[in-house]
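Okay, so the sequence shown: first residue is -19 according to this note's numbering, each after it adds one. The structure under discussion appears below in the form of structure tokens.
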Amino acid sequence: MNQETQVAVQYIGRRPSYIDRLYGTGLSFDSEQVRGLPASIAKKFLRHGDMFQRAAVADEVGTGQGEQQPSITPLDDTAAKLAEAQRLQDEQRAKDVRRQELLDQVSNMDKDGLQVFAKDTYNQVVPKTMTLENMRAKVFAFIDEYGAV
């Protein structure tokens, strides 16, 4: 990964902890915790002024109130958690692409192809007496139910 400018972001929300699900990072914050985030992600978090603020890491070192030590460890695991979130997003994207390719393939099949595909892939029988659109809908339902195999 390319090195992006790190911005220290502090969680100041009302709740004792926060887990990001809005931006897909999966980061968790405890009360008053500071994390070093890439500038692009930090910008998103800092839009929520009631929950996050920019933190000056140099100023916190001088206070010596014991809060600096807990926030050092999360700075170390932030990159790992962001990488894990990116990996999960990439896996989900690949899964969605495979599913969409399968749906496109099924959309172009005729009755015989749909019948063979359903039998070979999902071990399901699709009656040939159904209309082409109903057969496709049934195979789409198999894909939704059992996943792209």
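Even for Gly, the Cβ is constructed at its ideal location relative to N, Cα and C.
Tell me whether residue i sits in a helix, a strand or coil according to DSSP, three-state version.
i, result
"A130", "Only positions -19 to 129 of the chain appear in the structure, and residue 130 is not among them; the question remains open."
"Q49", "Confidence is the limiting factor: at Q49 the pLDDT is only 43, short of 50, which leaves the residue's position unreliable, though a coordinate-based value still follows. Three-state result, Q49: helix."
"D10", "strand"
"Y(-2)", "strand"
"G44", "Since pLDDT at G44 reaches only 48, below the 50 mark, its modelled position is unreliable, and no value is offered."
"Y102", "helix"
"M110", "coil"
"L126", "Checking the displayed sequence, the identity of residue 126 turns out to be Tyr instead of Leu. Helix, per DSSP."
"A121", "helix"
"R27", "coil"
"T5", "coil"
"M115", "helix"
"D76", "helix"
"D90", "coil"
Please name the residue in the options whose C-alpha comes closest to that of residue i.
i, options, result
"T5", "D70, G(-7), E12 and D92", "D70"
"T101", "Y(-2), A(-12), D84 and A128", "A128"
"Q13", "I(-1), A19, I21 and S20", "I(-1)"
"L17", "A74, G(-7), K99 and A60", "A60"
"Y(-9)", "D10, T(-15) and R1", "D10"
"R(-5)", "S8, N114, Q(-14) and T(-15)", "S8"
"G(-7)", "R67, E81, H28 and M110", "H28"
With a threshold of 7 Å on Cβ separation, who are the neighbours of residue i within its own chain once the five nearest residues in sequence on each side are excluded?
i, result
"A65", "G4, T5 and G6"
"Y126", "Y102"
Below 8 Å CB to CB, which residues in the same chain sit around residue i once its five sequence neighbours on both sides are set aside?
i, result
"R116", "V86, S87, M89 and L94"
"S(-3)", "S8, F9, D10 and S11"
"D84", "none"
Since residue i sits in a beta bridge, which residues does DSSP pair it with?
i, result
"A(-12)", "G16"
"Q33", "Q(-10)"
Using C-beta distances below 6 Å, list every residue in its chain close to residue i, excluding the 5 sequence neighbours before and after it, in chain order.
i, result
"V105", "none"
"V(-11)", "R15, L17, A22, F25 and F32"
When the distance is taken between beta carbons, is residue j closer than 8 Å to residue i?
i, j, result
"A35", "T(-15)", "no"
"K91", "L112", "yes"
"F97", "V77", "no"
"R73", "I123", "no"
If you measure from the beta carbon of residue i to each beta carbon in chain B, is any gap under 8 Å?
i, result
"A(-12)", "Structure shown: chain B not included; a single protein chain is present."
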